[in-house]
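The next block holds one structure in the form of structure tokens; read it before the comments.
Right under this line is the structure:
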């Protein structure tokens, strides 16, 4: 099964980009229905939209075949307010409200998603919109996420390869020790990190540029 698991529509708005907000511009102008039919023409088996902190774009097309509701959630490390994006898949309106309530704290958010069995992935793991990803954050990523975005169509190939190499750099016994060291619950169903793929398209041109095979492993 093939799907683009990181895709934006006009519902993403301008609240995640200060520069665009000042200019009064939206981050994306793509129409959800047009994206859906474009993805289908490009042989996507399933379709979803991961707008920033909203499911409004998905709700516009929720009645169409092979659609499931997702979003890209902005969350934060309480220690230093570093912003991290989490792709959350196959949810509904009630779960979206719970997610929005918890998203200010990455630990509370991921524990909720894990306990509810909601599929979630760490988006562009080596990039934060408001700061640098440091070893402090990476060590906690290993504890909180067993699904990372390994193919992001808007990032250079070398960065995607680096992301996957970092994800494979620790074995499970090391990660267990990290969880013990930081007194954090180990939110891992799998010993090895798996990867998602998505275009991270904001224009409509790159739909399906990076896709995930074996979708049944995720949802």
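In my numbering, the protein residues as written are 6 to 224.
All residues carry an ideal CB built from backbone N, CA and C; glycine is no exception.
Because the structure is a prediction, the values reported are computed rather than measured.
In the three-state reduction of the DSSP assignment, residue 95 falls in the coil class, being assigned neither a helical nor a strand state. For the set 71, 75 and 56, the Cα lying nearest the Cα of residue 45 is the one of 71.
Using a C-beta cut-off of 8 Å, the region 98-110 makes contact with the region 76-85, since at least three inter-stretch Cβ pairs fall below that distance. Around the Cβ of residue 62, a 10 Å sphere holds 16 or more other Cβ atoms; the residue is buried. Collapsing the DSSP output to three states places residue 62 in a helix. Shown here, residue 142 sits in a helix according to DSSP, grouped into three states.
Residue environment: residue 99 is assigned as exposed (fewer than 16 neighbouring CB atoms within 10 Å of its CB, all protein chains considered). Within the DSSP bridge table, the entry for residue 90 names 79 as partners. Annotated as distal: residue 151 and residue 124, with beta-carbon spacing of 8 Å or more. The beta carbon of residue 34 sits closer than 7 Å to the beta carbons of 15 from its chain, once the five residues preceding and following it are set aside; these are given in chain order. Taken atom to atom, the span from the alpha-carbon of residue 164 to that of residue 58 is near 25 Å.
Sequence-distant Cβ neighbours of residue 133 in its own chain, meaning closer than 7 Å and more than five residues away, are 87, 88 and 89. In this structure, the CA atom of residue 120 is about 30 Å from the CA atom of residue 206. Of the residues 102, 128, 13 and 69, the one whose Cα lies closest to the Cα of residue 201 is 128. Judged by their CB atoms, residue 101 and residue 60 are nearer to each other than the 8 Å cut-off.
Note on geometry: alpha-carbon atoms of residue 197 and residue 143 lie some 15 Å from one another. A check of alpha carbon separations from residue 113 across 141, 97, 41 and 82 identifies 82 as the nearest. Going by C-alpha positions, residue 179 is about 45 Å away from residue 42. Membership of residue 154 in any alpha helix (DSSP H) is not indicated; the residue belongs instead to the beta strand (DSSP E) covering 152-157. In terms of Cα proximity to residue 84, the closest of 139, 36, 190 and 65 is 139. Burial of residue 118 is indicated by the presence of at least 16 other C-beta atoms within 10 angstroms of its C-beta.
About 6 Å separates the Cβ atoms of residue 92 and residue 11, confirming a contact at the 8 Å cut-off.
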